[in-house]
Amino acid sequence: MWPVTRHGERVIDHIKDEWGKLKMDKRWLNIIIGIILFFPFITGCARREVNEVVLNFWHPWGLYQEELEKYVKEEFEAMHPGIKLNISSVPPGLGGDKLLTSIVGGTPPEVALVDGSVMIDWAHRKALRPLNEFLQKSGIKKEDFFLPSWRQNVYEGRVYGLPLNADPNFALFWNKDLFKKANLDPERPPATLKELDEYIEKLNKFNEKGRLERTGMIPWDLYGGSNALYTWGWIFGGKFYDPSTGKLTMNHPKNIEALEWLISWAKRLGIRNIEGFFGQFTGRDGIEPFFMGKKAMVIRFYREIERLSKYAPDINFGVAPIPYPEGGRKNFAWIGGWCIVLPRGSKHPEEAFKFIRWLTATPEGANAIHKATRMLSAYKESPTFEKMKDDPKKRVFLEILKNSDWQRPLVPIQRLMQHELNQAVEFSLLGIKTPKEALDEAQVKLQKELNEIKKRY
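According to full-length UniProt numbering, the residues represented by the sequence shown are 1 to 457, in order.
See below:
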């Protein structure tokens, strides 16, 4: 190594200092250049985030949350850049109360689902924003939907929602193999009430102790007493509301006659015997007696077809219109379903309506909701309907949608009506009251409440 003088040491130290500064300057220069180049990207992202609209959408179907995220959220967002969906499941028992609380508190979701049966209640209480201005701009009209589904949303000339799905309520399902065992034609279900009574009698099976082992049918086993009484009351020729007078008709003679017929089977089979029969199946998730060959006939809705395919693929069954009594309504059924709304105080109503329109009034939206939930759209141009034509079971429900002109009474006390009808059926089944007494009491109570609520709001 060469010797270095004191002067040489100072020169070397100076060179080191300058080189260090140069390296530092180069690092800072690279950082500054990087910031300059990256800044437009950062500000562009921020600008997009600021302009992006987020819609909170509340629904009651926790079972379908994953599917709604996949088919509804992803497909809508792909077709509508700048709008994001935040889909939240609110349990059905809490949904109405939580939604109403959020509206009163000024923090509602942008979009929500409301059961079609209570749409008039919500509209009467001014909890929803009318859609008329949006409908006029969009060109959407009632003829785009099945009429009963549309009617659920209309109150005093204003449209408060659009129908999301249409439930064709209901049809007769029968077990063809059990028909064979009872020496009945497996391809010929009962068409009249007289035939239905005869078939039930032949298909009932009791053990040596007189206990019910298999039933031909439990006529009121129809998703609750109110659904049973609405369905059979209308089939018998009754009605529950007269829009021309604004009066309820819960105790219409034909409604009483229908309930008396239901009770006649409770007496013939024995209500305790029936309770014991149903007790065998309590707690078996997804399973009901029809799936196990313990019921020969049931009245069910559309999605029961797919439930049978999943839980009881070996059941050989058919689907047909509900039998009717002499003088009653032939091939009768009614339509229910859920509606999608703008809660009062909803933010971003323009963007929210874009979502409502896409989900309810386009083939893409109708297809998305069917893929997510297997429910039938209320939109007549849904691609699902073309596929149903080739399936004789599903075709029965398609005909219901095309031909039915009925929905629950359009009055702002529908929830209370359902409660009172449930109670009327229960009290009659247990022998606490006669059908006439039960429906007379329901008529007085409900008419009084209807009169009061019309004054209150």
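Ideal placement from N, C-alpha and C gives every residue a C-beta, glycine not left out.
- Per the coordinates, the alpha-carbon of S382 lies some 16 Å from the alpha-carbon of D391.
- Rounded to the nearest whole angstrom, the CA to CA distance from N207 to W358 is 56 Å.
- Straight across, the Cα-Cα distance linking K445 with M417 is about 10 Å.
- Contact annotation: I356 and I340 have beta-carbon atoms nearer than 7 Å.
- Burial is judged here by how many other beta carbons sit within 10 angstroms of a residue's own beta carbon; N132 has fewer than 16 and is exposed.
- In the structure shown, the three-state DSSP call for D167 is strand.
- By the Cβ test, the segment 272–283 is not in contact with the segment 346–355, since fewer than three Cβ pairs between them sit closer than 8 Å.
- Secondary structure at W338: strand, using DSSP grouped into helix, strand and coil.
- With fewer than 16 neighbouring CB atoms inside 10 Å of its own CB, K448 falls in the exposed class.
- Spatial neighbours of L99 in its own chain (CB-CB distance under 6 Å, excluding positions within 5 residues in sequence) are listed in chain order as A112.
- Within the segment 124–169, the runs of alpha helix (DSSP H) that reach at least 4 residues and sit entirely inside it are, in chain order, 132–138 and 147–151.
- Within the segment 61–96, the complete beta strand (DSSP E) segments of 3 residues or longer fall at 83–89, listed in chain order.
- E201 places its beta carbon 7 Å or farther from that of P435.
- The C-alpha of N255 lies about 28 Å from the C-alpha of V114.
- In terms of Cβ geometry, K176 and G318 form a close pair [threshold 7 Å].
- Taking N86 as the centre and dropping the five residues before and after it, the same chain places the C-beta of V54, L55, N56 and F57 closer than 8 Å to its C-beta, in chain order.
- Put simply, the backbone Cα of R300 is about 31 Å away from that of K141.
- Cβ neighbours of A366 within its own chain (closer than 6 Å, five residues either side excluded): S377, Y379 and S382.
- With respect to the 7 Å criterion, V411 and L229 are not classified as neighbours on the basis of their beta carbons.
- Sixteen is the threshold: since fewer than 16 other Cβ atoms of the shown chains lie within 10 Å of the Cβ of M79, the residue is exposed.
- Around the beta-carbon of S264, fewer than 16 other beta-carbon atoms lie within 10 Å, marking it exposed.
- With contacts defined by Cβ atoms closer than 7 Å, P190 and F179 do not form a contacting pair.
- By alpha-carbon distance to H252, the top candidate from D144, Q443, E275 and K84 is Q443.
- The alpha-carbon of N153 is positioned some 5 Å away from that of Y160.
- Rounded to whole angstroms, T192 and P325 show a C-alpha spacing of 6 Å.
- Assigned with DSSP and collapsed to three states, D242 falls in strand.
- A320: member of the beta strand (DSSP E) spanning F317 to A320, first to last residue.
- Pairing W174 with Y199, the inter-Cα distance amounts to about 11 Å.
- Beta-carbon to beta-carbon, P148 and W338 are separated by about 13 Å, too far to satisfy the 8 Å threshold.
- For H252, no alpha helix (DSSP H) run applies, since DSSP gives it neither H nor E.
- In this structure, the straight-line span from the alpha carbon of W220 to that of V298 is close to 10 Å.
- In the DSSP annotation of this structure, L113 is not part of any alpha helix (DSSP H); the continuous beta strand (DSSP E) holding it starts and ends at V111 to D115.
- Rounded to whole angstroms, the Cβ separation of P130 and Y241 is 23 Å, and the two are not in contact under 8 Å.
- It is roughly 15 Å from the alpha-carbon of W61 to the alpha-carbon of A368.
- By the CB criterion at 7 Å, R151 and I235 fall outside the cutoff.
- Residues of the same chain with a CB within less than 8 Å of the CB of A258, apart from the 5 flanking positions on each side, are L229, W232, G233, I235, F236 and G238 in chain order.
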